[in-house]
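Asker: One structure, pasted below without further comment.
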Amino acid sequence: MTLDPPFVLIDDARDGAETLLFSRPLDVIVCDGPQDVEATFERIDAALAVGRHVAGYLAYELGYALETRLAPLMPDGRDGPLTWLGVFDAPARLDRGAVRALMNEWAAEGHAVQGLAAALDRSDYLATIDVIRRHIRDGDVYQINYTFPLDFRLDGSPRALYARLRERQRAGHGAFLDTGAGRILSLSPELFVECRGGRIRTRPMKGTAPRAANPQRDAELARWLGADEKSRAENLMIVDLLRNDLGRVAEIGSVTAGDLFTVETYPTVHQMTSDVEARLRPGSGFADVTRALFPCGSVTGAPKVKAMEIIRALEARPRGVYTGAVGYAGPNGDMRFNVAIRTLDIRPDGRGRMDVGSGVVYDSDPAREWEECHIKARFLTEPPPPAFSLLETLKWTPEDGCADLDAHVRRMAASAHAFAFPFDAAAARRALHDAVATATGPMRVRLLCDGYGEVNAEAAPLTAIGRDGVLRYALSPEPVDPDSPFTYHKTTNRARWDGERARMAHATGCDEVLFLNPMGEVCEGSFTTVFVDRGDGVLLTPPVASGLLPGVLRQALIDGGRAIEAVVRPEDLVAGRLYLGNSVRGLMAGEPV
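This note's numbering applies: residue -14 is where the sequence shown begins, and numbers increase by one.
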């Protein structure tokens, strides 16, 4: 797809619900300084009034021009305008296939990020946090959102970098802007404001916890975040601030807060969010909403105006697009802008900037805040996983249909949640139904879901494996990686398992290969779960914490009381009766080669 700048891509990579492409602008509305703000809003409202759309960004520093008390603080030497908004006809709506093709095209252009470095060191950061805590102690503010930039150089294509980061971050409020003078790559998970059907909504995000590869540990971290008093207090402060801001453009008595302290899961972090919404006062337009809410309180602190004064004194460089907003507005009154966090600004010469920050309250641990900022920056520094799809393998017979269908769909849904893939359970069931529509005998059916939420299924006749119902196994010398999420979720990224089975089969003649973890505990086979019967009829199966895929058959046997979790060691494999199984094959006897 040929795209000449300027253009704006508004991109939902989380649910795949809406990807809009604004191209070939009829006009561009740029606000270069405070003296242009009124004229800028007039031009925006005029464009919307004649049926046009606007899309682009609002820089954080626009907020200084919207508040009389802050106007003298407008910094000089800004890298870009206060607003950049293209005026467009209706956008193109891209379906999942079109988005996939576009991202593949961009990714092929190639890129490399070089020399990423924070613009201040740890000691300076910790000292600044102490200054903020003194402001809070003295009653000046309750909270400050303190940020700092990281600089880097990009060799290659900003579009390729966006495609890679999109794969990694899967943000629900992403965007790519090419203004002709620079590129903005926004991988934001946070909604700033949405107006639709006469209602206005904002969804502030405060509170962060890292992800863990082990599903049990990951769930513990999510529960910890949901119950963390510091995170809840920070979140509630911003909710209260935004309730007040919304009141400026809402019908009296219509402002409500809901879904408080909801934990959302992203590929690298868990985030705490809450909802604040209201009925929009009739006649309130783009300028009214922007004046009332911008910038979002989640990126300033509370009270907002005083927090912005302190931020101006403490932060060495203007924020620019970072913590501003990126989005669009339509002629019917609809608008949607993100909070421009996890957002990169890349100049034509390859100079790049990414900022990070966190909300600081009096009892903040400065070292923990420093760590939180670097957790948020992981999405740029960590390589994305290889391209993969989620995978489930099911047994189908004419008599019984797909065995354990609900359990397989639930497991794929859980994996989709963990990797932030869109997933439609109904579409998955339809794909399975279609795959066996003409089958007459037992089938092995593979269900796949890719990162764009596309599901398909493929079926093949179910053939026998092993020898007389027995699987002969060998132990792999290569341990599983307990820190890899692919250890705990079934995906097409299976070279580690399938390749080792092929290698060991060639070397030993085995049918299956069993893996140990770095502590020498038995985990699983390449396509089976391990069960040991020590003679009492109860099957022992390794715990997920050892590092393994939580199999569907395994869970059914645990739920039915036939199996319990227990650490299994290599000597246990020959001390009792060994079974290797999965939901397609059931339990099969296992013996060493």
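Quick reminder that beta carbons are idealized off the backbone N, C-alpha and C, glycines included. If you're wondering where the values come from, they're calculated on a predicted model, not measured in any experiment.
For GLY286, which beta-bridge partners are listed by DSSP?
Answerer: Position 301 of the sequence shown, counted from the first residue, corresponds to residue 286. DSSP output for GLY286 lists ILE129 as bridge partner(s).
Asker: Starting from the C-beta of ASP115, find all residues in its chain whose C-beta is less than 8 Å away, skip the five residues before and the five after it, and write them out in chain order.
Answerer: Here residue 115 corresponds to residue number 130 of the sequence shown, with the count starting at 1. So the list reads PRO351, once near-sequence residues are dropped.
Asker: Would you list the residues sitting across from LYS380 in a DSSP beta bridge?
Answerer: The count along the sequence shown starts at 1 and reaches residue 380 at position 395. Bridge partners of LYS380: ARG429.
Asker: Buried or exposed for GLY182, going by 16 or more other Cβ atoms inside 10 Å?
Answerer: By one-based count along the sequence shown, residue 182 stands at place 197. Classification for GLY182: exposed.
Asker: Within 8 Å, do at least three Cβ pairs link the segment 438 to 445 to the segment 414 to 421?
Answerer: With the cut-off at 8 Å, the segment 414 to 421 and the segment 438 to 445 touch.
Asker: Quick one: what does DSSP say ARG63 is sitting in, helix, strand or coil?
Answerer: Reading the sequence shown from its first residue, position 78 is the one you call residue 63. Here ARG63 sits in coil by DSSP.
Asker: Considering only their Cβ atoms, is the gap separating VAL553 from PRO577 smaller than 8 Å?
Answerer: The residue given as residue 577 occupies position 592 in the sequence shown. The residue given as residue 553 occupies position 568 in the sequence shown. No, these two residues do not count as a Cβ contact at 8 Å.
Asker: Which residues does DSSP list as the beta-bridge partners of PHE516?
Answerer: Residue numbering aside, residue 516 sits at position 531 when the sequence shown is read from its first letter. Answer by DSSP bridge pairing, in chain order: TYR564.
Asker: Would GLY312 be called buried (16 or more neighbouring beta carbons within 10 Å of its own) or exposed?
Answerer: The residue labelled residue 312 in the question sits at position 327 within the sequence shown. Buried, since its Cβ has 16 or more Cβ neighbours within 10 Å.
Asker: Would you mind reading off the limits of the alpha helix (DSSP H) that contains ALA399?
Answerer: Translated into positions along the sequence shown, residue 399 becomes position 414. ALA399 -> alpha helix (DSSP H) spans 390 to 404.
Asker: For the candidate residues ALA541, THR132 and PRO316, whose alpha-carbon lies nearest to that of MET293?
Answerer: The count along the sequence shown starts at 1 and reaches residue 293 at position 308. MET293 has its Cα closest to that of THR132, out of ALA541, THR132 and PRO316.
Asker: Which residue comes first and which comes last in the alpha helix (DSSP H) that contains ARG151?
Answerer: As a position in the sequence shown, residue 151 is number 166, starting the count at 1. Element bounds for ARG151: 143 to 154.
Asker: Indicate whether ALA56 and PRO10 have their beta-carbon atoms separated by less than 8 Å.
Answerer: Looking up residue 56 in the sequence shown gives position 71. Looking up residue 10 in the sequence shown gives position 25. No, these two residues do not count as a Cβ contact at 8 Å.
Asker: Does ASP163 pass the burial test, meaning 16 or more other C-beta atoms within 10 Å, or should it be called exposed?
Answerer: Residue numbering aside, residue 163 sits at position 178 when the sequence shown is read from its first letter. So ASP163 counts as buried.
Asker: Using 10 angstroms around the beta-carbon of MET504, count the other beta-carbons present and answer buried if the total reaches 16, otherwise exposed.
Answerer: As a working mapping, residue 504 is identified with position 519 in the sequence shown. MET504 is exposed by the Cβ-count criterion.
Asker: If the criterion is Cβ atoms closer than 8 Å, does the pair GLU175 and ILE326 meet it?
Answerer: The count along the sequence shown starts at 1 and reaches residue 175 at position 190. The count along the sequence shown starts at 1 and reaches residue 326 at position 341. Going by C-beta atoms, GLU175 is nearer than 8 Å to ILE326.
Asker: Counting only runs that start and end within the segment 17 to 85, where is the alpha helix (DSSP H) found for 4 or more residues in a row?
Answerer: Whole alpha helix (DSSP H) segments, 4+ residues: 22 to 34 and 47 to 50.
Asker: Would you be able to state if there are at least three C-beta pairs under 8 Å between the segment 216 to 225 and the segment 280 to 298?
Answerer: At 8 Å Cβ cutoff, the stretches touch.
Asker: Quick one: using the 10 Å Cβ neighbour count with 16 as the cut-off for buried, is PRO470 buried or exposed?
Answerer: For the purposes of this step, residue 470 is identified with residue 485 of the sequence shown, where counting begins at 1. It is buried - the Cβ of PRO470 has at least 16 other Cβ atoms within 10 Å.
Asker: How many Å lie between ALA298 and MET257 at the Cα?
Answerer: By 1-based counting over the sequence shown, the position of residue 298 is 313. By 1-based counting over the sequence shown, the position of residue 257 is 272. Whole-angstrom Cα-Cα distance: 28 Å.
Asker: Among ILE296, THR477, ASP385 and PHE406, whose alpha-carbon lies nearest the alpha-carbon of PRO371?
Answerer: Sequence index remark: in the sequence shown, residue 371 carries index 386 (1-based). Taking only the C-alpha atoms, the option nearest PRO371 is THR477.
Asker: Less than 8 Å between the C-beta atoms of GLY232 and ASP260, yes or no?
Answerer: Along the sequence shown, read from residue 1 onward, the residue named residue 232 stands at position 247. Along the sequence shown, read from residue 1 onward, the residue named residue 260 stands at position 275. In this structure, ASP260 does not lie closer than 8 Å to GLY232 by Cβ.
Asker: So, for ASP273: in the same chain, excluding its five sequence neighbours on each side, which residues have a beta-carbon less than 6 Å away from its beta-carbon?
Answerer: Position 288 of the sequence shown, counted from the first residue, corresponds to residue 273. Excluding residues within five positions, the ones whose Cβ falls inside 6 Å are VAL234.
Asker: Flag this pair as touching only if the segment 128 to 145 and the segment 81 to 94 have three or more C-beta atom pairs under 8 Å; answer yes or no.
Answerer: With a cut-off of 8 Å, the segment 81 to 94 and the segment 128 to 145 count as touching, because enough Cβ pairs lie within range.
Asker: Take ASN317 as the anchor and find which of ALA2, HIS38, CYS16 and ALA24 has the nearest alpha-carbon.
Answerer: Looking up residue 317 in the sequence shown gives position 332. The shortest Cα separation from ASN317 among ALA2, HIS38, CYS16 and ALA24 belongs to HIS38.
Asker: How many Å lie between GLU485 and CYS495 at the Cα?
Answerer: On the sequence shown, position 500 is the one that residue 485 refers to. On the sequence shown, position 510 is the one that residue 495 refers to. Near 11 Å, if we compare the C-alpha coordinates of CYS495 and GLU485.
Asker: Could you pull out every residue in the same chain whose Cβ sits closer than 6 Å to the Cβ of LEU379, ignoring the five residues on either side in sequence?
Answerer: As a working note, residue 379 is residue 394 in the sequence shown. Closer than 6 Å at Cβ, skipping near neighbours: CYS387, HIS393 and VAL430.
Asker: Please return the same chain residues whose Cβ sits closer than 6 Å to the Cβ of MET(-14), not counting the five positions on each side in sequence.
Answerer: Here residue -14 is taken as the residue at index 1 of the sequence shown, counted from 1. Correct list, in chain order: LEU87.
Asker: When you compare the CB positions of PRO280 and GLY305, do they come within less than 8 Å of one another, or not?
Answerer: Position 295 of the sequence shown, counted from the first residue, corresponds to residue 280. Position 320 of the sequence shown, counted from the first residue, corresponds to residue 305. Cβ atoms of PRO280 and GLY305: not closer than 8 Å.
Asker: Which residues share a DSSP beta bridge with GLY571?
Answerer: Indexing the sequence shown from 1 puts residue 571 at position 586. Note: GLY571 sits in a beta bridge opposite ASN567.
Asker: Among residues of its own chain, excluding the 5 on either side of LEU227, which ones have a beta-carbon nearer than 7 Å to its beta-carbon?
Answerer: Indexing the sequence shown from 1 puts residue 227 at position 242. Within the same chain, LEU227 has close Cβ partners THR187, PRO189, VAL261 and GLY282.
Asker: I'd like the ranges of any alpha helix (DSSP H) spanning at least 4 consecutive residues and lying wholly in the segment 256 to 321.
Answerer: List check, alpha helix (DSSP H) in window: 271 to 278 and 289 to 299.
Asker: Any chance the segment 455 to 473 sits against the segment 519 to 532, with 3 or more Cβ pairs inside 8 Å?
Answerer: Yes, the segment 455 to 473 is in contact with the segment 519 to 532.
Asker: With a threshold of 6 Å on Cβ separation, who are the neighbours of ASP64 within its own chain once the five nearest residues in sequence on each side are excluded?
Answerer: Indexing the sequence shown from 1 puts residue 64 at position 79. Once the five neighbours on either side are set aside, the close Cβ partners of ASP64 are GLY305.
Asker: Name the two residues that bound the continuous beta strand (DSSP E) containing PHE177.
Answerer: Taking the sequence shown and counting its residues from 1, the one referred to as residue 177 is at position 192. Segment 176 to 181, the beta strand (DSSP E) holding PHE177.
Asker: Could you check where the alpha helix (DSSP H) with THR(-13) kicks off and where it finishes?
Answerer: Counting from 1 along the sequence shown, the entry for residue -13 is found at position 2. Element bounds for THR(-13): n/a, residue is neither H nor E.
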